[in-house]
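In the working numbering, the protein residues as written are 531 to 642.
Glycine is no exception: its CB is placed at the ideal position from the N, C-alpha and C atoms.
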Amino acid sequence: MKKRNLFVTFLLIGLFRILYLIIWMISIQNFLKRTKKSSIGGGITLLLMIITIGLYSFIWQWKTCKSLKSLGAQDNSVVTLILLILVIGIIINPLIIQSSINNIKNFQQISF
531 MKKRNLFVTF LLIGLFRILY LIIWMISIQN FLKRTKKSSI GGGITLLLMI ITIGLYSFIW
591 QWKTCKSLKS LGAQDNSVVT LILLILVIGI IINPLIIQSS INNIKNFQQI SF
């Protein structure tokens, strides 16, 4: 997983919307699977999102924030959940999660 510029991430979300978010989510989930060794893969996560008509994204973002906390990032799970309920989380939460990944203290040791 590499550090991504938040402005570029925002632009890509704006330009490609759901397609970029799906690719981004799969890459984050695969990163967590490699580092935590107990997580499900990105393909299964995408399948769960499709089956639940997007409702699994609430659970996924919560679990992702908790997993990133165990890697040294700040716990933003409550913030992301509130923003999702307010609907603005669709755009803002990927930026919050990406920022958490960028700010992991030992990022060089766990990056691929």
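GLY584 - DSSP class collapsed to helix/strand/coil: coil
Identity of the residue in SER630, ASN633 and ILE626 nearest PHE540 by Cα: ILE626
Residues near LYS599 in its chain [Cβ-Cβ closer than 7 Å; skip 5 each side]: ASP605
Distance CB(ILE631)-CB(PHE561) smaller than 9 Å: yes
SER557: first and last residue of the uninterrupted alpha helix (DSSP H) it sits in: 536 to 566
Selected residue, minimal CA-CA separation from ILE552, among MET579, LEU536 and PHE537: MET579
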